[in-house]
Every structure is written in C-alpha cells, then in structure tokens.
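Participant: Right, I'll just put the structure down here and ask away after.
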Amino acid sequence: MYRFLLTPRWWGINIFVLLAIPVCVFMGSWQLSRFEDRVQDHRSASERSTANEKAAPEPLASLLPVSTETAGKRTTATGRYDKQLLIPDRDLDDRTGFYVVTLLKVDGTGKALPVVRGWLPGSASASKVPAPPRGEVTVVGALQASESAGSNGVRAAGGLPAGQVSMINAASLVNVVPYDVYDAWVTLDKADGPMTAVPATTPQGSGLDLKAFQNLGYTGEWFVFAGFVVFMWFRLVRREAEALRDAELGLTEEAA
C-alpha cells in the first residue's frame, strides 16, 4: 500500500522533509544560543558593574576608546568646565526630568569631555541649574559610550531650544562647540549641588532586552516548524494511503 512513497512525486516530498527538519532544528538551536549569549553578556555586565563600583578610578586616556570592557569603569580627568547643556525628557526614579551636561576641557588635549553633573526633576530650565565650579577641577565618575537614537532613555528629538540637545553624542556636540569632543562621556559619582547623580548604564546590547526574548521566541517557532513538517508529512501519507485503499475497494467516484 505504501509503494507510492517510491514514486518520483513522493521522492521530492521525502527529500524536502529530510532537508527541512534539520534546517529547522539548526535554526532553533542557533536562536537559542543567541539568547544564551545575551544571558551570559547580561550576567558578565552585572558582575563588571559591581566590580567597577569598588575599583579605583583610572586615567581617561587608558580607557579609550570605549568598549564593552571599559564602559562603566570609573575614570578621572582634570580640566576646566566650559559650556553647559541640558538634555530634557530623561527619567530617574520613575520621575521625568533632565540631565545637566557640562563640557570639561581636559588639560593638555584640546578636547572636551561631556560630564553629566547630575539630574533635576521637571522641565529643562537653565535657571534651576547651579553654575559649574570655576577653575581647575578633577572629576571622578563612570565612563559611558556615546548615545545614539536607539539608546535607552533617548526620547527627545530635534527642534530643541538653544542650550538643549537630545543626546550625549560627539557627532552632535561638535556642532555646538568650537573644539573637538571625546566620543564618550562621564557621569559623576557624586552630583554637584542639589542635583541627583545619574547611575551608569550597561553597554547597549548586553542586557535582557526585547531583542533577547525575541531570540527565545524564534527558538520555539523553529522547533514548531520542524514538528509541523513531520505532522504534515504523516497526514499526506495517510491521505494518500486512504485514497488508494478506497480506490481498491471501489469507493471512489473514479472507480464508480
């Protein structure tokens, strides 16, 4: 009854099934490994964050360029504060406020380092912000990578008033000041005056975000596809066998 499995049409179906199942299993395993890598990255980032909080600050130059290994490490730099900017629509402790960013012209480099001196609640207003310290200062804080439109917390778009920017990014800040800006920024360990210190964040892509759980969802989908291929093959075989049996018994219209 099952000799039809050796016909050319069924040879094509059988080969397709034999190829589709391992492909689905491979893709499911690959997506699962991507999720496991994200979990490991998240665990490693958390461990580094804990270690960084206790570590002594290192010179800025020794940690650049910023990478997943150096992001979050405590650093120190000396210079003089210059231009001050506000970044609106930033959340902290379930409240909306704004960051206060002051550019520190680092001694002997001719470049400026964006320093987040703190966070204040409410709408962004320069009148709420205490003036930066004068003279030479030494800052200590966590090193962070430049933000982008996809970074966590970045919400404000263009069209902002003078003195405000949407993100801490060297490419956008060089259009505001007449000198080079480091492709990094620092959030102070202790905020100036009445402001609240902004906690350091883990590098983008190292957390258990929506994309990580999408990988887990895709894992299930690929294994479901593999099961569906097997189910459909058995169903087609059964239908074909029943059709042949009915034809032999004269139960089909063609036979009649």
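Just so we're aligned, residue 1 is where the sequence shown starts under my numbering, counting upward by one. Positions of the beta carbon are idealized from the N, C-alpha and C atoms, including for glycine. Small disclaimer: the values here were computed from a predicted structure and weren't measured.
1) For Arg38, which residues from the same chain have a beta carbon less than 6 Å from its beta carbon, with the 5 sequence-adjacent residues on both sides left out?
2) Please classify Met167 as buried or exposed, where buried requires at least 16 neighbouring CB atoms within 10 angstroms.
3) Which parts of the stretch 60-119 are runs of the alpha helix (DSSP H), unbroken and 4 residues or longer, counting only runs that do not cross its ends?
4) Taking the alpha helix (DSSP H) that Ala170 falls in, what are its first and last residues?
5) Measuring only the C-alpha atoms, how far is Ala255 from Ala247?
6) Drop a sphere of 10 angstroms on the beta-carbon of Ala61, count the other beta-carbons inside from all chains shown, and report buried for 16 or more, exposed for fewer.
7) Determine which residues share a DSSP beta bridge with Thr187 and list them.
8) Taking Trp185 and Val115 to be in contact with their CB atoms under 8 Å, please state how far apart those CB atoms are, rounded to whole angstroms.
9) Could you pull out every residue in the same chain whose Cβ sits closer than 6 Å to the Cβ of Leu173, ignoring the five residues on either side in sequence?
10) Do we get a CB-CB distance below 8 Å when we pair Gln84 with the residues of chain C?
11) Can you give the beta carbon distance from Ala191 to Arg117, rounded, assuming they're within the 8 Å contact cut?
12) Going by beta-carbon coordinates alone, are Gln164 and Leu85 separated by less than 8 Å?
13) Quick one: is Pro22 buried, meaning 16 or more other Cβ sit within 10 Å of its Cβ, or exposed?
14) Can you give me the C-alpha to C-alpha distance between Thr75 and Arg90, rounded to a whole angstrom?
15) Identify the residues that DSSP records as bridge partners of Val181: which are they?
16) Using 8 Å as the threshold, is the C-beta distance between Ser146 and Ala131 below it?
17) What are the residues that DSSP puts in a beta bridge with Gln164?
18) Residues in the same chain with beta-carbon distance under 8 Å from Tyr179, minus the five sequence neighbours each way, listed in chain order, please.
Facilitator: Here's the rundown:
1) The sequence position of residue 38 within the sequence shown is 38, counting from 1. Excluding sequence neighbours, Arg38 sits near Ala212.
2) The residue given as residue 167 occupies position 167 in the sequence shown. So Met167 counts as buried.
3) none
4) Mapped onto the sequence shown, residue 170 falls at position 170. From DSSP, the alpha helix (DSSP H) with Ala170 extends over 170-173.
5) Residue numbering aside, residue 255 sits at position 255 when the sequence shown is read from its first letter. Residue numbering aside, residue 247 sits at position 247 when the sequence shown is read from its first letter. Reliability of the predicted coordinates at Ala255 is poor, the pLDDT of 44 falling under 50, and the value obtained from them is presented with this limitation in mind. Distance between the alpha carbons of Ala255 and Ala247 is about 6 Å.
6) For the purposes of this step, residue 61 is identified with residue 61 of the sequence shown, where counting begins at 1. That one is exposed.
7) Here the question's residue 187 lines up with position 187 in the sequence shown. Bridge partners of Thr187: Val116, Ala142.
8) Looking up residue 185 in the sequence shown gives position 185. Looking up residue 115 in the sequence shown gives position 115. Trp185 to Val115, Cβ: 7 Å. Contact.
9) The residue labelled residue 173 in the question sits at position 173 within the sequence shown. Within the same chain, Leu173 has close Cβ partners Val181.
10) The chain labelled as chain C is not found in the depicted structure, where only one protein chain is given.
11) Position 191 of the sequence shown, counted from the start, is the residue given in the question as residue 191. Position 117 of the sequence shown, counted from the start, is the residue given in the question as residue 117. Contact holds; Cβ gap of about 6 Å.
12) For the purposes of this step, residue 164 is identified with residue 164 of the sequence shown, where counting begins at 1. For the purposes of this step, residue 85 is identified with residue 85 of the sequence shown, where counting begins at 1. Yes. Within cutoff.
13) For the purposes of this step, residue 22 is taken as the residue at position 22 of the sequence shown. Pro22 comes out exposed.
14) Working through the sequence shown from its first residue, we reach residue 75 at position 75. Working through the sequence shown from its first residue, we reach residue 90 at position 90. One C-alpha to the other measures close to 23 Å.
15) Here the question's residue 181 lines up with position 181 in the sequence shown. Bridge partners of Val181: Ala112.
16) Within the sequence shown, the letter at position 146 stands for residue 146. Within the sequence shown, the letter at position 131 stands for residue 131. No, the Cβ-Cβ distance between Ser146 and Ala131 is not below 8 Å.
17) The sequence position of residue 164 within the sequence shown is 164, counting from 1. DSSP, once it has assigned bridges, lists Leu86 as partnering Gln164.
18) In the sequence shown, counting from the first residue as 1, residue 179 sits at position 179. Excluding positions up to five away in sequence, the list reads Lys105, Gly110, Lys111, Ala112.
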